[in-house]
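Quick notes on the structure that follows.
Numbering (the working numbering), first residue to last: 1 to 343.
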């Protein structure tokens, strides 16, 4: 009797795939002459794999109009395509505020962004990366690339063409962010179902290889995001002999990457003597000569008046006029326990 051949691995049982929160994003925007596109609307629902059902809506959803900068006003052509007028966005928050709000609202677990023709979304997020590092360092998946991988030879991979190919009805309000992003989510689900049916993609790494778009804001080399995600990351503050301005910018990039790692659900242990870089830590351990002398949150350690408070004041005095009061660091925001641990 011939032995039965083992069944091929399935993406649905891949731990990294099952743990990931997929955030489908779509911007509507203006296209000012001689400048990159500026968003005027954003929608971002979440999806997560559910055993027996596949990727389904996770319950997370974000939507906002966006006020564009003065050099990129809403034009009659934009209104004709989207229905959004200059009056609609006049009192809306700007892009930096909207993207920061989205980043802060995201559940703290491993996430991947999904978009149709994702480089467009990646470009917008990259330009506002200072305000949304959690988004800027996230992996992206492009449904256009995934469709090319599954169905080579189609005459078009535009969203309308792929919706027709998959039998997905056109949305009632095409070219509005929420309607477009919901059909993109449906397309993503259809593509994953197709890949599972034909065993085209059996591992999460296959999915990233086939349809991944690297984030424009690449994490510094010593802080490259691990894939699949792991729960612990140890980082040592980099030392550089570069020009001071370059060194400062390099450290800011490292700091953004650390925050992105922590916010993705990983525990980050940061070894540093630069106390301003740990103001968001849940827990700080202070070592003196290799001996643990203090532990606590930034606020607790400052209130205790011990070694941490002394060193913080010494460092802070380098950046304030002589005789001026030393400002306290911003208080740590409440987080899920063990989301981020700095030492």
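For each residue, glycine too, the CB sits at the ideal point set by N, CA and C. Since the structure is predicted, the reported quantities are computational estimates derived from the model, not experimental observations.
Inset, instruction - Go ahead and pull the three-state DSSP assignment for residue 56. - result: strand
Could you check if residue 193 is buried or exposed, using at least 16 other CB atoms within 10 Å of its CB as the buried criterion? exposed
Under a Cβ-count criterion, where at least 16 other Cβ atoms within 10 Å of its own Cβ denotes burial, should residue 318 be classed as buried or exposed? Answer is exposed; the Cβ neighbour count stays below 16.
Assign residue 61 to one of three DSSP states: helix, strand, or coil.
strand
Take every Cβ of the region 82 to 93, pair it with every Cβ of the region 46 to 57, and state whether three or more of those distances are shorter than 8 Å.
no
For this session: Specify whether the region 57 to 70 and the region 147 to 166 touch according to this definition: at least 3 beta carbon pairs, one from each stretch, less than 8 Å apart.
Result: no
- Message: If I follow the unbroken alpha helix (DSSP H) through residue 166, where does it start and stop?
- Response: Annotation: the continuous alpha helix (DSSP H) that includes residue 166 extends over 159 to 166.
Would you grab the beta carbon distance between residue 213 and residue 132 for me? Rounded to a whole angstrom, and I think it's under 8 Å. No, residue 213 and residue 132 are not in contact; Cβ-Cβ is about 17 Å, not under 8 Å.
* Could you tell me which uninterrupted alpha helix (DSSP H) segments, each at least 4 residues in length, are contained entirely in the region 70 to 154, listed from first to last along the chain? => 76 to 82, 86 to 89, 95 to 105, 118 to 127, 133 to 136 and 143 to 150
Check: Grouping DSSP H, G and I as helix and E and B as strand, with all else coil, what is residue 171?
Finding: coil
Query raised in the report: Can you give the Cα-Cα distance for residue 147 and residue 163, rounded to whole angstroms?
Result: Between residue 147 and residue 163, the C-alpha separation is close to 11 Å.
- prompt: By DSSP, does residue 25 sit in helix, in strand, or in coil?
  reply: coil
**Message:** Tell me the rounded alpha-carbon separation between residue 297 and residue 96.
**Reply:** 29 Å
Practice prompt. May I ask you to list the residues that DSSP assigns as paired with residue 30?
Written response: 38
In or out: residue 199 buried (at least 16 other Cβ within 10 Å) or exposed? With fewer than 16 other Cβ atoms inside 10 Å of its own Cβ, residue 199 counts as exposed.
**Asked** What is the DSSP secondary structure of residue 156, counted as helix, strand or coil?
**Response** coil
*beta strand (DSSP E) containing residue 13: first to last residue?*
It is not in any beta strand (DSSP E) - residue 13 carries neither H nor E in the DSSP assignment.
**Asked** Would residue 111 be called buried (16 or more neighbouring beta carbons within 10 Å of its own) or exposed?
**Response** buried
Which of the three DSSP states is assigned to residue 17 in this structure? helix
Residue 288 bridges to which residues according to DSSP? Checking the DSSP bridge columns, you'll see residue 288 partnered with 291.
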